[in-house]
């Protein structure tokens, strides 16, 4: 099926892009095209305009300074996966992109494109929430910071029609950190059934922060707050991982659990406990190495 004709523009600056978004708030934004191009082939009522941001080099790359990583929205999965400082401090992010899709896709797909598209099962979304990331959006009216949890539980990552996601910032803590992403792929499609990201900080044997997020459970990423609250404040050597993981389903709403041809709701509820067990086990070991 062919889509209707549309206006195509390829700006070379962020300012020009924001002007175009202001004039065409319903335009589709094209980054790597991993989701937009298939959608255009299947939908004959496509957008009136497509804004191709692939030439915006200012939105590529990773910079680490002042206790934070600043990741351009057009940075590829492969670049994030291979970045040594991200791997050391926010391994959940590098794990998530490294376990996503295949090499060809990771070399093209962008961090920002994935987060804005908001796939129902997104490895990156869980890792971004667990890592306490912040999305930086720009419009002609200025800049806005949106915490990942708020953004990734809102339509279009919380962006208004005239806003562009330009960067993602992630804290780089100096504490002992355990940060991992574990997932169970479908045996048929290889897409993720359930994934859990855990980001744990330890000081003097005490767990001082814990952020645990799951994907594939609801149609959006969800924090596992019952697990977090049970973990924070405890002595890391007294933690019983299996007991903590058993809490992973205690604050989930059964009516919101995803059920489809890949897995039943009850199976996903079981999987979230299993993946939480793995993520906690690995992150706690990392934090004490």
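Residue numbers (the numbering used here): 2 to 290. By construction, the Cβ of each residue, glycine as well, lies at the ideal position given by its N, Cα and C atoms. Keep in mind the model is a prediction, meaning the values are calculated, not measured.
Residues of its chain near residue i, where Cβ-Cβ distance is below 8 angstroms and the 5 sequence neighbours each way are ignored
i           : result
residue 156 : 119
residue 173 : 65, 68, 69, 70, 86, 90 and 91
residue 15  : 57, 59, 60, 139, 165 and 167
residue 186 : 192, 193 and 194
Heavy atom of the ligand MG within 8 angstroms of residue i beta-carbon
i           : result
residue 261 : As presented, the structure is devoid of all ligands, the ligand MG included, so that no description of it is given.
Buried versus exposed, by CB contacts within 10 Å (16 or more), residue i
i           : result
residue 31  : buried
residue 164 : buried
residue 245 : buried
residue 98  : buried
residue 84  : buried
residue 27  : exposed
residue 290 : exposed
residue 286 : exposed
residue 101 : buried
residue 303 : Outside the displayed span of the chain (2 to 290) sits residue 303, for which this structure offers no information.
residue 38  : exposed
residue 96  : buried
For residue i, the residue or residues it bridges with in DSSP
i           : result
residue 172 : 69
residue 193 : 186
residue 204 : 207
residue 177 : 203
residue 165 : 139
residue 131 : DSSP output for residue 131 lists no bridge partner at all.
residue 259 : Bridge partners of residue 259: none, in fact.
residue 212 : 200
residue 50  : 8
residue 63  : 72
residue 236 : 207
residue 77  : 111
residue 296 : Lying before the first or after the last residue shown, residue 296 is absent from the chain, which here runs from 2 to 290.
residue 29  : 51
residue 223 : 215
Sub-9 angstroms separation of residue i and residue j beta-carbons
i           : j           : result
residue 158 : residue 136 : yes
residue 1   : residue 29  : One cannot answer for residue 1 here, as it falls past the ends of the chain, which runs 2 to 290.
residue 126 : residue 116 : yes
residue 304 : residue 113 : Here the chain comprises residues numbered 2 to 290, so residue 304 is not present and cannot be evaluated.
residue 130 : residue 269 : no
residue 213 : residue 288 : no
residue 216 : residue 123 : yes
residue 283 : residue 184 : no
residue 240 : residue 281 : yes
residue 25  : residue 50  : yes
residue 111 : residue 76  : yes
residue 191 : residue 20  : no
residue 152 : residue 128 : no
residue 121 : residue 259 : yes
Close Cβ partners of residue i (< 7 angstroms) along its chain, the five nearest in sequence each way excluded
i           : result
residue 79  : 107 and 108
residue 257 : 219
residue 208 : 201, 232, 233, 234, 235 and 237
residue 278 : 242, 243 and 246
residue 88  : 95
residue 229 : 211, 212 and 213
Cβ neighbours of residue i in the same chain (closer than 6 angstroms, five flanking residues each side left out)
i           : result
residue 227 : 248, 251 and 252
residue 170 : 69, 71 and 135
residue 1   : Given that the chain is displayed from residue 2 to residue 290, the structure contains no residue 1 and the question cannot be resolved.
residue 138 : 145, 160, 164 and 166
residue 150 : 130
residue 13  : 56
residue 8   : 50
Given 8 angstroms as the limit, is there contact between the segment 191 to 199 and the segment 262 to 271, that is, 3 or more CB pairs closer than that?
-> yes
Using 8 angstroms as the cut-off, can you tell me whether the segment 202 to 221 makes contact with the segment 175 to 186, which would need three or more C-beta pairs spanning the two stretches below that distance? yes
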